[in-house]
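Okay, structure first, notes after.
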Amino acid sequence: MADLSIQVREADDLAVLAPDGFINAHTVRQFESALEDLVKAGKFTILLDCERLNYISSAGLGAIMGLIETVRENRGDILLCSLQENVFAIFDTLGFTQLYRVFANETEARKALAESAE
Amino acid sequence: MADLSIQVREADDLAVLAPDGFINAHTVRQFESALEDLVKAGKFTILLDCERLNYISSAGLGAIMGLIETVRENRGDILLCSLQENVFAIFDTLGFTQLYRVFANETEARKALAESAE
Amino acid sequence: MKAVPESFRLVIPSQTRYLNLVTGLAKRASLVAGLDDAVAAKVSIAVDEAVTNVIVHAYQGDPAKWVEVELRFVPTALEIHIWHTGQGLREDQVILPDPGEYVKHPRKGGLGLLLMSRFMDEVHFRDVELRHECCMIKYVE
Amino acid sequence: MKAVPESFRLVIPSQTRYLNLVTGLAKRASLVAGLDDAVAAKVSIAVDEAVTNVIVHAYQGDPAKWVEVELRFVPTALEIHIWHTGQGLREDQVILPDPGEYVKHPRKGGLGLLLMSRFMDEVHFRDVELRHECCMIKYVE
Ligand SMILES: Nc1ncnc2c1ncn2[C@@H]1O[C@H](COP(=O)(O)OP(=O)(O)O)[C@@H](O)[C@H]1O
Ligand SMILES: Nc1ncnc2c1ncn2[C@@H]1O[C@H](COP(=O)(O)OP(=O)(O)O)[C@@H](O)[C@H]1O
Chain R
873 MADLSIQVRE ADDLAVLAPD GFINAHTVRQ FESALEDLVK AGKFTILLDC
923 ERLNYISSAG LGAIMGLIET VRENRGDILL CSLQENVFAI FDTLGFTQLY
973 RVFANETEAR KALAESAE
Chain Z
873 MADLSIQVRE ADDLAVLAPD GFINAHTVRQ FESALEDLVK AGKFTILLDC
923 ERLNYISSAG LGAIMGLIET VRENRGDILL CSLQENVFAI FDTLGFTQLY
973 RVFANETEAR KALAESAE
Chain P
7 MKAVPESFRL VIPSQTRYLN LVTGLAKRAS LVAGLDDAVA AKVSIAVDEA
57 VTNVIVHAYQ GDPAKWVEVE LRFVPTALEI HIWHTGQGLR EDQVILPDPG
107 EYVKHPRKGG LGLLLMSRFM DEVHFRDVEL RHECCMIKYV E
Chain X
7 MKAVPESFRL VIPSQTRYLN LVTGLAKRAS LVAGLDDAVA AKVSIAVDEA
57 VTNVIVHAYQ GDPAKWVEVE LRFVPTALEI HIWHTGQGLR EDQVILPDPG
107 EYVKHPRKGG LGLLLMSRFM DEVHFRDVEL RHECCMIKYV E
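Chains as they are written, first to last, in the numbering used here: chain R, 873 to 990; chain Z, 873 to 990; chain P, 7 to 147; chain X, 7 to 147.
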C-alpha cells in the first residue's frame, strides 16, 4: 500500500517537499531520506507543504527535529504550510508552532521569505 | 457515530432521498424507514441520490427490493443516480442495472422522467 | 530465518455496530496485501456479508456472543477466516440465487452469499475445532 | 439482563506495516464511543505511539512477536489496553520531556510518551499476568 508518496519541487532558493498520505514509524524513513537528500544537495530552506499530509506521528516530528539545527546552521530553515487540523494539533500541542514558522499556504510562506531576505 | 444520515427532498412528483454515509446491517433500518415513510405518504416515484453514499451491503439492497414491487404497482418507480464506483459495482455485479434505472445525475433522471410522462 | 507472522486477528461482540470496524479493517488489509481500491472495496463487502450472517443467522441476534476474524497474508492471496460458535452452515446447504431469476421476483434477502461468492475467489464453510468457520480467499496478482 | 461485551481485540505482528490498521481501528472506535473527529484523531495518534514503542523498544524490532490491543467501551470512557511480552516499562521510570526545553534543544526522539499523555486523559503502565500492559483512557463527555 502506498501509505506515503512524496513530491519535491524546487524553485529559486526554496525547496518544497509535499508529503501525501501518512507519516508514521513505518513510512518515516522515506520522509527522512527525502529531507536528507535536499540537505545533502545544499538546499537548506525547505517548505513542508502539508496540504495532503493526513497524519503524522512523533516519528515524523523526529525526522524534522533531526535536521532543524543543520539547516539553521546553514542559514536555512524548515517552514510548514497548509496543515490539516489534526496535523496542526500535534505541532500546537507540543508548542512547536514556536519552533517552526507555520503558514496558511505556500504563497504566504514565500512572501515571508522574500520579506526576510530584503 | 453517525454512520448514516439521510436527506429527503420533495419536488413536483419526485421524492429525492439522499443517503450520506454507510448502509449496512446496522444502519439499514433507518434507510428502510425513510423509504417506507415516502411510500406511506403516497410518494411512489423515488430517486435515490447516491452521491454521498460511500457503501451499501446486501442489507441495503434488500430494503430497496422490499419496496420495488409496491411502488411499481402504484405506477411509480425507484431510480438511482450519482453512484460511486463501489456502489455501482454491487448493482452491476448482481445484474440490478437491469432492474433499476441508473442515471449519471439528478438532471438526467428528471429528464428521463419528463420524457416518459409525455 | 525466523517465521514471521503475517496475519492479524480481530475479536468483536456479535453486534452490527461493530461492522464498520471490521469492514474498514478488511479494506486496509486488502490494500496492504496489494489489492487495488476497487477490489479492496469488494473484499470489505464480502467480509461485511459474512460477519452479518454470523450476527443475524448463526447467533440470531444474541449480542453477548463473539465473532473472531483473522486476516492472513499468504504469498499469492489474502485469506480471511471468520469463526463463531453459533449455528453452522454446511457448504453443501448453500444454494446461491440466480440473479436473473431474482430480478424477476425481487425479495428482501438472500443476496449476501451471492455477493460473497462473486466478490471473492473462494468461499468455504467448515467446522474447525468445535467452531464454525467461513474462509474466503482473494488472489493477489 | 445478559452482560453484553462492549470491547474488541486486535492481535497484530510486531511490525510497523500494521500500524495503520491499528490507528484506523482506534479512530473508528473513538467515533463509536461518541468522541468527535478531532479527539478521535488524537486517540489514534496516542495508540500509534504506544504500539510503535512496543515494536521498537519492547520487542526491539523482532518481527516475529505479537502485540495485542483491546478497545473497551465503558459508560463514560474509551479504554485502550495494549499488551506485549517484551521488555516492560515501569510507570515510575517514565520521565516526560518539557516541551519548552525540548524546543530549545531539539533531538530526534522522545516525544511519543509526551503525546500519549497530552492526547489521553490517563496513561498507565503495569504488569498483568506475565504480560506488560499499557492502558490509556479517554473520557467521553
Ligand atoms: N453463518 C450462517 N449460519 C447459519 N445460516 C446462515 C449463515 N449464513 C447464511 N445462512 C443462511 O443462508 C441464507 C442466505 O444468506 P444470505 O445470502 O446472506 O442472505 P440473507 O442473510 O439476506 O438471508 C440465510 O437466510 C440463512 O438462512
Ligand atoms: N513499551 C516500552 N518498553 C520499553 N521502553 C520503552 C517503551 N516505551 C518507551 N520506552 C522508553 O522510553 C523512551 C521514550 O519513549 P518515547 O517518548 O515514545 O520516545 P521515542 O520512542 O521516540 O524514543 C524510549 O526511548 C524508550 O527508552
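Every residue, glycine too, gets a C-beta built ideally from N, C-alpha and C. Here the structure is a predicted model, which is why all the values come from computation and not from measurement.
Item	Value
For the stretch 33 to 54 of chain X, enumerate the residues whose C-beta is nearer than 8 Å to any C-beta of chain P, in chain order.	ARG34, ALA35, VAL38
Near LEU971/Z, which residues of its chain fall below 8 Å by C-beta distance, leaving aside the five closest residues on each side in sequence?	ILE940
Could you check where the beta strand (DSSP E) with LEU951/R kicks off and where it finishes?	949 to 953
Which of the three DSSP states is assigned to MET873/Z in this structure?	Any reading at MET873/Z needs caution, since the residue's pLDDT is 47, under 50, leaving its predicted position unreliable; the model's value is listed next. Reduced to three states, the DSSP call for MET873/Z is coil.
If I measure Cβ to Cβ from GLU980/R and keep anything under 6 Å in the same chain, skipping five residues before and after, which residues do I get?	none
Starting from TYR927/Z and walking both ways along the beta strand (DSSP E), at which residues does that stretch end?	925 to 928
Starting from MET142/P, trace the beta strand (DSSP E) both ways and give me its first and last residue.	137 to 145
Quick check on VAL57/P: buried or exposed, where buried means 16 or more other Cβ atoms within 10 Å of its Cβ?	buried
Should GLU76/P and HIS87/P be called a contact, given that it needs their Cβ atoms to be closer than 8 Å?	yes
Hey, PHE968/Z and VAL109/P: beta-carbon distance below 8 Å or not?	yes
How is THR29/X classed by DSSP in three states: helix, strand or coil?	helix
Would you mind working out which of TRP72/X, GLN93/X, PHE79/X, CYS141/X sits nearest LEU37/X, comparing C-alpha positions?	PHE79/X
Along chain X, in chain order, which residues have C-beta atoms closer than 7 Å to that of ILE18/P?	PHE14
When we look at the beta-carbon of VAL129/X and count the other beta-carbons within 10 Å, is it buried (16 or more) or exposed?	buried
Less than 7 Å separating the Cβ of SER930/Z from some heavy atom of ligand 3?	With respect to ligand 3, the structure offers nothing, as its ligand set consists of ligand 1 and ligand 2.
List the residues of chain X whose Cβ lies closer than 8 Å to the Cβ of GLY30/P, in chain order.	GLY30, LEU31, ARG34
Is the closest heavy atom of ligand 2 to the C-beta of ALA935/R under 7 Å?	no
Could you please give me the residues that DSSP links to THR965/Z through a beta bridge?	None, per the DSSP bridge assignment.
Whole angstroms are fine: how far does the CA of GLU908/Z sit from the CA of ARG15/X?	37 Å
Buried or exposed: which applies to LEU136/X, given that a residue is buried once 16 or more other Cβ atoms fall within 10 Å of its Cβ?	exposed
In angstroms, rounded to a whole number, what distance separates the CA positions of VAL880/R and GLY30/X?	28 Å
Report yes or no: is there a C-beta of chain X within less than 8 Å of the C-beta of SER929/R?	yes
For ASP885/R, collect the residues of the same chain with a Cβ closer than 7 Å to its Cβ; drop the 5 residues on either side in sequence, then sort them by chain order.	THR917
Beta carbons nearer than 8 Å to chain X: which residues of the stretch 943 to 959 of chain R have them?	GLU957, ASN958
Hey, is the stretch 889 to 909 of chain Z in contact with the stretch 53 to 69 of chain P, meaning 3+ C-beta pairs nearer than 8 Å?	yes
Would you say the beta carbon of GLY116/P is closer than 7 Å to some non-hydrogen atom of ligand 1?	yes
Is the Cβ-Cβ distance between ALA46/P and MET126/P less than 8 Å?	no
Which residues bound the beta strand (DSSP E) around PHE14/P?	13 to 19
From ASP43/P to SER988/R, what does the alpha carbon distance come to, in whole angstroms?	45 Å
Could you list which residues in chain X have their beta carbon closer than 8 Å to that of GLN902/R, in chain order?	What GLN902/R touches in chain X: nothing, since even the nearest Cβ is about 12 Å away.
Does the beta-carbon distance from VAL73/P to SER20/P come in below 8 Å?	yes
Establish whether the CB of LEU27/X and some CB of chain P are separated by less than 8 Å.	yes
Can you list, in chain order, the residues of its chain with a C-beta nearer than 8 Å to that of MET7/P? Leave out the 5 residues immediately preceding and following it.	Annotation note: pLDDT 37 at MET7/P (below 50); position unreliable, no value reported.
Taking 8 Å as the CB-CB limit, is ASP23/P close to chain X?	The sequence shown places Arg at residue 23/P, rather than the Asp named in the question. ARG23/P counts as touching chain X.
Write down every uninterrupted run of the beta strand (DSSP E) in the stretch 54 to 139 of chain X whose length is 3 residues or greater and which is fully enclosed by it, in chain order.	72 to 80, 83 to 90, 128 to 134
I'd like to know whether the C-beta atoms of ARG124/P and THR965/Z end up nearer to each other than 8 Å.	yes
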